[in-house]
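Enquirer: Once you know that position 214 of the sequence shown is 603 in the working numbering, the rest is easy, because the numbers rise by one and skip nothing.
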Amino acid sequence: MKIGIGLGLEEEGGCAAAAAVKAAKKNVAKPDLAIAFGSIHLDQAAVHRGLCQELDPAILTGGSCYAEMTDAGVTKGSVAVLLLSLEGARLRFAQAEAVPDSYQTGLSLAEGLGSFPPDADRLPLGLVFSSIAAGKEQDIVRALSERVGRFPFFGGLCCGDYDLGMSHPDFWTNYQYCGGRLARHGARAVLLDLPAEGYQASFGFGHGWQAVGPEVEVTRAEGSVVYEVEGTPVFDYYRQFLGQDASDEFFDLMVQRYGFSLPVGSEGRSVVKLPVFRDFKNGSITYFPTEDLQGRKVRLIQASRRGLLEGAREAAKNCLKTLAGERPDLVLAVSCCGRGSILHSRTGDELTALKSVFGPEVPVFGYYSGGEIGPRQNRYADAADPAKEPWGAGYHVTTLCLLALRGPQKTRPASSPVAAAEAALPPEQEVARLKALLSKSETILDDTEAFLSNLSRKSYKDAERLRKQNEVIHRYTPHEVWDRVGASVAKGEYELPESEFTGCFLFMDVKGFTAFSEEHKPSEVVGALNRIFEPATRVIYECGGDVDKYIGDCIFAAFRKGEDALEAGRRLLGLYKDLEGQPFSVRIGINSGRAVRANVGAKDRREYTFIGDAVNTAQRLEANCTPGRLLVSEDLFRLGGKTFSSAERKELKVKNKKQPVVAYELAL
390 MKIGIGLGLE EEGGCAAAAA VKAAKKNVAK PDLAIAFGSI HLDQAAVHRG
440 LCQELDPAIL TGGSCYAEMT DAGVTKGSVA VLLLSLEGAR LRFAQAEAVP
490 DSYQTGLSLA EGLGSFPPDA DRLPLGLVFS SIAAGKEQDI VRALSERVGR
540 FPFFGGLCCG DYDLGMSHPD FWTNYQYCGG RLARHGARAV LLDLPAEGYQ
590 ASFGFGHGWQ AVGPEVEVTR AEGSVVYEVE GTPVFDYYRQ FLGQDASDEF
640 FDLMVQRYGF SLPVGSEGRS VVKLPVFRDF KNGSITYFPT EDLQGRKVRL
690 IQASRRGLLE GAREAAKNCL KTLAGERPDL VLAVSCCGRG SILHSRTGDE
740 LTALKSVFGP EVPVFGYYSG GEIGPRQNRY ADAADPAKEP WGAGYHVTTL
790 CLLALRGPQK TRPASSPVAA AEAALPPEQE VARLKALLSK SETILDDTEA
840 FLSNLSRKSY KDAERLRKQN EVIHRYTPHE VWDRVGASVA KGEYELPESE
890 FTGCFLFMDV KGFTAFSEEH KPSEVVGALN RIFEPATRVI YECGGDVDKY
940 IGDCIFAAFR KGEDALEAGR RLLGLYKDLE GQPFSVRIGI NSGRAVRANV
990 GAKDRREYTF IGDAVNTAQR LEANCTPGRL LVSEDLFRLG GKTFSSAERK
1040 ELKVKNKKQP VVAYELAL
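1) Beta-carbon separation of Gly-951 and Leu-1025 under 8 Å?
2) When the Cβ atoms of the region 748–767 are set against those of the region 454–467, are three or more pairs found closer than 8 Å?
3) Quick check: the Cα distance between Leu-791 and Gly-597, rounded to an integer number of angstroms?
4) Less than 8 Å separating the beta-carbons of Leu-583 and Leu-514?
5) For the alpha helix (DSSP H) holding Val-410, just list the boundary residues, first then last.
6) Looking at the structure shown, is Val-936 part of a helix, part of a strand, or coil, going by DSSP?
7) Touching or not, the region 848–859 and the region 897–916, by the rule of three or more beta carbon pairs under 8 Å?
8) List the endpoints of the continuous alpha helix (DSSP H) containing Cys-708.
9) For His-733, which of helix, strand or coil comes out of DSSP?
10) Count Cβ pairs between the region 551–568 and the region 498–516 that sit closer than 8 Å; are there 3 or more?
11) Closest to Ile-762 by CA distance: which of Cys-708, His-785 and Leu-444 is it?
12) Comparing alpha-carbon positions, which option in Arg-949, Arg-1018, Phe-945 and Gly-452 lies nearest Arg-976?
13) Identify which residue in Cys-548, Ser-474 and Pro-664 has its Cα closest to the Cα of Ala-692.
14) Is Val-530 near Phe-542, with beta carbons less than 8 Å apart?
15) Once DSSP output is grouped into helix, strand and coil, what is the label at Gly-796?
16) Please return the same chain residues whose Cβ sits closer than 6 Å to the Cβ of Gly-648, not counting the five positions on each side in sequence.
17) What's the gap between the Cα of Pro-815 and the Cα of Ala-610?
18) In whole angstroms, what separates the C-alpha of Ala-793 from that of Ile-448?
19) What are the start and end residues of each continuous beta strand (DSSP E) run of 3 or more residues lying completely inside the region 558–609, in chain order?
20) In chain order, what residues of the same chain lie with their CB nearer than 6 Å to the CB of Ser-534, ignoring the 5 residues before and after it?
21) So is Leu-827 buried or exposed if we call it buried at 16+ other beta carbons inside 10 Å?
22) Would you list the residues sitting across from Ala-1052 in a DSSP beta bridge?
23) Helix, strand or coil for Asn-988, going by three-state DSSP, please let me know.
24) So, for Asn-563: in the same chain, excluding its five sequence neighbours on each side, which residues have a beta-carbon less than 8 Å away from its beta-carbon?
25) Just checking my contact of Ser-591 with Asn-767 at CB under 8 Å: how many whole Å lie between their CB atoms?
26) Between the C-alpha atoms of Val-623 and Tyr-883, what's the straight-line distance to the nearest angstrom?
27) Rounded to a whole number of angstroms, what is the C-alpha to C-alpha distance between Asp-340 and Gly-403?
28) Counting C-beta neighbours from all protein chains within 10 Å, is the total for Phe-747 16 or more, i.e. buried, or is it exposed?
29) Can you give me the Cβ contacts of Pro-507 inside the same chain, cut-off strictly under 8 Å, excluding the 5 residues immediately before and after it?
30) Quick check: the Cα distance between Asp-510 and Leu-721, rounded to an integer number of angstroms?
31) Helix, strand or coil: which one does DSSP assign to Phe-890?
32) Can you give the Cα-Cα distance for Gln-683 and Val-607, rounded to whole angstroms?
33) Can you tell me whether Ala-409 is buried or exposed, with buried defined as 16 or more other CB within 10 angstroms of its CB?
34) Can you give the Cα-Cα distance for Leu-398 and Ala-425, rounded to whole angstroms?
35) Would you mind working out which of Asn-707, Glu-739 and Gln-818 sits nearest Pro-764, comparing C-alpha positions?
36) Less than 6 Å between C-beta atoms, sequence neighbours within five positions excluded: which residues of the same chain meet that for Arg-481?
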């Protein structure tokens, strides 16, 4: 395998294309394949004409791009050309119109390529470069896999002027080099039929976006057009982060830093769904790649420069790992124009990240695209195996896709084929480039400050809301359960485990309350009940207990120590001694023993409560107690019952118990 890479930096597109081809031909005079990417800021007709004058158009593929990636760095306003001579390879080319039905586009390409039956002696590999149609470009690959053969495909979508913003009509204008034809809505496929002996291929993909929100549900969508998230209009959902007064331009810029992620496979990987169309009139945002998002669980993710670079390194590591530590001869890289815009002045750091993994001597060639096509498996065999999930190539956004290729050892180049001299821009172009970077940096800084200011306000409001929410929930939750939930969540555990509890259980029932509630207004009933429960709850907590729940006109509480439970019973009797002569009285039952504290209920609503015979017996004691008295189990009486002024021994017949229960009824 021979590799030639050229970079043309001339201002005129045709001259830049010719210079790039001539530089690449210094290493590969007679190429089998030519891949070219020309800056969208150049005259594409001139670029294509210059390429065809220097090359056999039949072997040409590629198209317009946001930025170009070679060993000379990441450049904008240039033409990059890769020439390959592939020993023992047989190549097929096909082209088609890229119609809105992407599956039909794939079928047309498949017809041009023909079928490729499985052959253990061959290593087939497909390349696809297309325009952006309707966000369903994964269907191109699906059709190719079904009709041509079950082998990996790699490539991307050609790019327009991303910096114009997604609401600008020229944002979507892009060009494809379909052999000798320059297309506006075209697709070009290449089948590399390589010998299995001597060639190896591996893949990588990663995005580096980071989750910044909980999992949420898309509650209203039509396909990939989203109207509501968690019942909130989608624009209001985003404005939580971007601010209520965000201008259309600011919204366009910042919303693309916040996409949704969907899980893929079983290894914790995810794919990005990126906002590409916003319709304020209809209140919707369209996401690419398209699929039905109604009812789907998604997670809000954010792009940062550090995260994107870490995603690039991770993709490279996974790609290299499948080559058993061997360095590839060539790495093809397709990154996203959105990544290039976010990385801004650090776009070249993505190439540096790849070099840090593959090695500085490994040539890297690629472009910043309108969408990336690549397998979601790293090993060639897995990417070609329908039994592996996720199988085949996918259409990605704001992702980096990699293809690492090794050729026969005897023809491997000794060094990078890009001449450093070709990387230098003329002084006037370098000054213009730096001025443009500085101007955009100022805009990004202004927008980022506005975003951070809004986010700071949102964080303060969220913190206040959460504080008040926690206060409310705390009042409605047993204190011990609250503490255990907090400790579990801090450890990353989101389910309270079942546990055994040894202690005392207290039931206090308000007698006469049912008749009272039938004769009074609801507000009077609630007021009367709270005048009893308020001091009772205070006594229970002061004595070291915890109110597990209120059951109508009854309190259920638990204590870890018998002495504390008896003291609470004593104080409760004293508290309600004044109720004599009123329509209410209380009766209290306390029992000691073991119980299980477990999750009871369903996934959507549950309680962490006590279950066991000791709890049931405590409730039976309360039911058999004389109003104004305290009925305790025999062991509790021995512990401290003799300190009460009177004690009466009772033997109670309790349901589901063969032997009577011995208890003592106590009074002050």
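Built from N, CA and C at the ideal position, the CB exists for glycine as well.
Expert: To lay it out plainly:
1) yes
2) yes
3) 14 Å
4) yes
5) 402–414
6) strand
7) no
8) 694–710
9) helix
10) no
11) His-785
12) Arg-1018
13) Pro-664
14) yes
15) coil
16) Val-661, Lys-662, Leu-663 and Ile-690
17) 51 Å
18) 21 Å
19) 565–567, 570–572, 575–584 and 589–595
20) Gly-781
21) exposed
22) Ser-1022 and Lys-1039
23) strand
24) Ile-429, Gly-452, Ser-453, Ser-520, Ile-521, Leu-546, Cys-547, Cys-548, Gly-549, Arg-573 and Gly-759
25) 6 Å
26) 29 Å
27) Residue 340 cannot be examined here, being either before or after the span of the chain that is shown, 390 to 1057.
28) buried
29) Gly-538 and Arg-539
30) 24 Å
31) strand
32) 6 Å
33) buried
34) 14 Å
35) Asn-707
36) Leu-502 and Leu-580
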